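Student:
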Amino acid sequence: MAEASTRTRRETGPVAVDHTIDQRWSAYTLEEHARWGALTERMMGILPGRASEAFLKAAKTLKLSEGGIPNFERLSDKLKERTGWRIVGVPGLVPDEVFFDHLANRRFPAGCFIRDADEMDYIEEPDVFHDVFGHVPLLADPAYADFMEAYGKGGLRALNLGRLANLARLYWYTIEFGLIEEMGALRIFGAGIISSPKETVFALEDDSPNRIGFDLERVMRTNYRIDDFQQSYFVIDGFETLLEATLRDFGPLYERLKDGAAYKPQDVLPTDRVCHKGTQAYFTNKAG
């Protein structure tokens, strides 16, 4: 979903057939650990009251703000006890089939390098902060953990059916940029938002984007932006909703998706459950 950076990253060592690598935790420098600390401290100052309670609770339980960059083996042991998930190191973006196979077997592939000091606010490809701080805490939630496994299995089926583009939209608008309603208030849970201080505020508090109730077919028909904040965010009412949606047979849905054009990222439909209709002012001003 993002082009690979041309920067030279840390040495990875041998790459296995399943594209996993050893994290080489002992090779991280004090500066890299300090960079992790600065990133987590900044986000934990912003996320309370904005992030899902499930995320905040798990981030605290897993102690992601302590001790620098987490050791994948130790973190995996904690996750394994709770939901059976493990973290595996990868050198960067991996092929779709490999990615889905890892998820289907409760292995989350995480980048091992950490962004440079001049990339603290934005990085093109996912690093260890985005992957571990952004994604891993919710893998401690049973319903979300089951959803991610189901998504991986669904991804393998989508590849065989040639419907990867539709399933990628589900990933984008939930796992990366999803919102959830908790106790009558909107909260963020998508890793792309949770790892970004600016988008954390934008997604919840800016008037520009649409905030629309989650509907599986609607999401799978909607294009997305990879170069900026989202023009629409979709709101689930619980992780059980995602799990139930992903466990269904997508065959009939994929047949329907063959007909009709995709929706634009900014579209609001008459059938939408609209939580907030955005002004799109942010995007209009940038374009003008």
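To convert, note that position 249 of the sequence shown is 249 in the UniProt record's numbering; the numbers rise steadily by one, no gaps.
Heads up, the beta-carbon is just placed ideally off N, CA and C, and yes, glycines get one too.
This one's a predicted model, so the numbers in the text were calculated from it and none came from an experiment.
Specify the secondary structure class of residue 55 as computed by DSSP and reduced to three states.
Tutor: It is helical.
Student: Can you give, in chain order, each stretch of the beta strand (DSSP E) that sits fully within the stretch 172-213 and has at least 3 residues?
Tutor: Those beta strand (DSSP E) runs which fall completely within the stretch 172-213 and span 3+ residues are 179-182, 185-188 and 210-213.
Student: Nearest to residue 248 by CA position, among 151, 27 and 262, is which residue?
Tutor: If we check each option's Cα against that of residue 248, 151 comes out closest.
Student: Nearest by alpha-carbon distance to residue 89: which of 281, 82, 137 and 128 is it?
Tutor: Considering only alpha carbons, the answer is 128.
Student: Would you mind working out which of 93, 79 and 192 sits nearest residue 175, comparing C-alpha positions?
Tutor: The shortest Cα separation from residue 175 among 93, 79 and 192 belongs to 192.
Student: Looking only at DSSP bridge pairs, what is residue 111 linked to?
Tutor: DSSP lists 90 as partners of residue 111.
Student: Indicate whether the contact test is met: 3 or more Cβ pairs, each with one atom in the stretch 170-184 and one in the stretch 34-45, closer than 8 angstroms.
Tutor: No contact exists between the stretch 170-184 and the stretch 34-45.
Student: Restricting to runs no shorter than 3 residues, where is the beta strand (DSSP E) found entirely within the stretch 130-171?
Tutor: The stretch 130-171 contains no whole beta strand (DSSP E) run of 3 or more residues.
Student: Pick helix, strand or coil for residue 234, following the three-state DSSP scheme.
Tutor: Looking at residue 234 - three-state DSSP - the assignment turns out to be strand.
Student: Return the CA-CA distance between residue 277 and residue 212, expressed in angstroms with no decimal places.
Tutor: If you take the alpha carbons of residue 277 and residue 212, they lie about 8 angstroms apart.
Student: With a 10 Å radius around its C-beta and 16 neighbouring C-beta atoms as the bar for buried, classify residue 269 as buried or exposed.
Tutor: That one is exposed.
Student: Could you tell me how far apart the beta carbons of residue 46 and residue 284 are, in whole angstroms, since I believe they sit closer than 8 angstroms?
Tutor: Not a contact, Cβ separation roughly 26 angstroms.
Student: Can you name, in chain order, every residue of its own chain whose Cβ lies under 6 angstroms from the Cβ of residue 166, other than the five neighbours on each side?
Tutor: Here the set comprises 220 and 257.
Student: What first and last residue would you give for the beta strand (DSSP E) that runs through residue 276?
Tutor: From DSSP, the beta strand (DSSP E) with residue 276 extends over 274-276.
Student: With a CB to CB cut of under 6 angstroms and the five nearest residues on each side skipped, what residues in its chain are close to residue 115?
Tutor: Only 123 and 127 meet the Cβ criterion.
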